[in-house]
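Numbering of the sequence shown is given in UniProt numbering, commencing with residue 1 and proceeding in unit increments. Yeah, the Cβ is synthetic: ideal placement off N, Cα and C, and Gly gets one too. These notes are about the structure you will find just below.
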Amino acid sequence: MTGAASGQRGFLGCIRALRMNGVTLDLEERAKVTPGVKAGCSGHCTSYGMYCRNGGKCVEKYNGYSCDCSATAYDGPFCTKDIGGFFEAGTLVKYSFGSEVGNVAPSSDRDAQISVGELTPRETNLMREDLAFSFSTSTAPSMLVYVSSHTQDYMAVVLRQNGTLQLRYDLGGLKEPFVVDVDQRNLANGQPHTVNISRVERSIHIQLDHYPTATYSLPESSDTEFNLVKTLFLGKVFGNYTCHSLPAAVSKPSWLPHSLGQRQ
Ligand SMILES: [Ca+2]
1 MTGAASGQRG
11 FLGCIRALRM
21 NGVTLDLEER
31 AKVTPGVKAG
41 CSGHCTSYGM
51 YCRNGGKCVE
61 KYNGYSCDCS
71 ATAYDGPFCT
81 KDIGGFFEAG
91 TLVKYSFGSE
101 VGNVAPSSDR
111 DAQISVGELT
121 PRETNLMRED
131 LAFSFSTSTA
141 PSMLVYVSSH
151 TQDYMAVVLR
161 QNGTLQLRYD
171 LGGLKEPFVV
181 DVDQRNLANG
191 QPHTVNISRV
201 ERSIHIQLDH
211 YPTATYSLPE
221 SSDTEFNLVK
231 TLFLGKVFGN
241 YTCHSLPAAV
251 SKPSWLPHSL
261 GQRQ
């Protein structure tokens with residue numbers, strides 16, 4: 001049953017299977033004779049919800065529906081419009097978490113800084129992260145995402161020299177960062193690729209494009225907390241006096257010096 005009593009902001013949605021004191025009340029009969037209430041629980045989303053794409057949520061409206069794209073990386077009436085940025089070589093975008101709010105990065109680089117501090121507590125210690133993005137490039141090695149912290153903890157997603165995807169986690173406790181070489185596909189082929197990474201404590205799930213999700217586990221000795229998350233970089237790591245731009249940085253095994261976290 002859809003609809004609402006006219007003249008006031010009431011319930012919008014469907015009520016079904018109404019019972020009181022063990023008696024089923026005939027809602028459909030009553031709906032037919034009540035203005036604004038229709039029999040059946042179809043609504044608009046049942047018929048048209050599939051037009052909300054990319055995980056957009058169909059929202060019932062009084063005279064139709066709309067797509068809520070807020071939990072997706074898309075925009076537009078049907079969540080089909082890509083929200084993305086084209087990066088020229090050496091450029092970066094950074095999102096600062098927590099205490100970096102309002103700070104402006106040195107302007108020597110063409111970079112954009114967007115503060116998302118309001119979204120996270122001032123001191124952010126994460127037991128879990130979810131990260132999803134799409135990219136296309138013909139250039140490898142490249143740094144896709146790097147998340148720094150006020151500690152030595154970091155995570156990074158890079159394309160290696162041969163175009164394969166690599167995930168690096170250092171949450172402390174390990175001599176070397178935990179490295180996952182996702183698979184042998186060359187992703188620097190100009191085609192769009194989708195990456196989904198989620199970590200819950202030691203357990204890491206990575207899904208690449210439509211391939212099955214692969215699961216990895218941080219070693220026992222690894223810390224499970226991503227402490228004092230600071231900045232998310234796309235495209236390049238940027239410090240006050242040093243630019244850890246690619247490709248040089250990625251091609252070295254120790255491309256992220258441990259002191260980097262403190263320096264930027
Ligand atoms: Ca840690």
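Handout entry: Which listed residue (Thr151, Gly55 and Ser136) has its alpha carbon closest to that of asparagine 125
Key = Thr151
Problem - Proximity to proline 177 [Cα-Cα], best of Leu218, Thr80 and Asp209 - result: With distances taken between CA atoms, proline 177 lies nearest to Leu218 out of Leu218, Thr80 and Asp209.
Practice task
Figure out for me which residue from Leu174, Gly43 and Thr213 has the closest Cα to the Cα of valine 59.
Solution key: Gly43
Problem - Residues near methionine 1 by beta carbon distance below 8 Å, same chain, minus five either side - result: Caution applies to methionine 1, whose pLDDT of 47 falls short of 50 and renders its modelled position unreliable; the value that the coordinates give is listed next. Only Cys14, Ile15, Arg16, Leu27, Glu28, Ala31, Val37, Lys38, Ala39, Gly40 and Cys41 meet the Cβ criterion.
Problem - Check: leucine 126 C-beta below 7 Å from any heavy atom of ligand 1 - result: no
Exercise for the section: Measure the C-alpha to C-alpha separation of serine 203 and valine 93 and round it to an integer number of angstroms. Expected result: So the two alpha carbons sit approximately 28 Å from each other.
Practice task
Following the continuous alpha helix (DSSP H) through leucine 27, name the residue where it begins and the one where it ends.
Solution key: 27-32
Handout entry: Proximal residues to leucine 119 (C-beta, below 7 Å), its chain only, five neighbours per side dropped
Key = In this prediction, leucine 119 has a pLDDT of 49, which is less than 50 and means its spatial position is unreliable; nothing more can be read from the coordinates.
Exercise for the section: Could you tell me the boundaries of the alpha helix (DSSP H) in which threonine 139 lies? Expected result: Going by DSSP, threonine 139 is part of no alpha helix (DSSP H) at all; its letter is neither H nor E.
Practice task
Could you name the residues that DSSP lists as bridge partners for phenylalanine 233?
Solution key: For phenylalanine 233, DSSP records a beta bridge to Lys94 and Tyr146.
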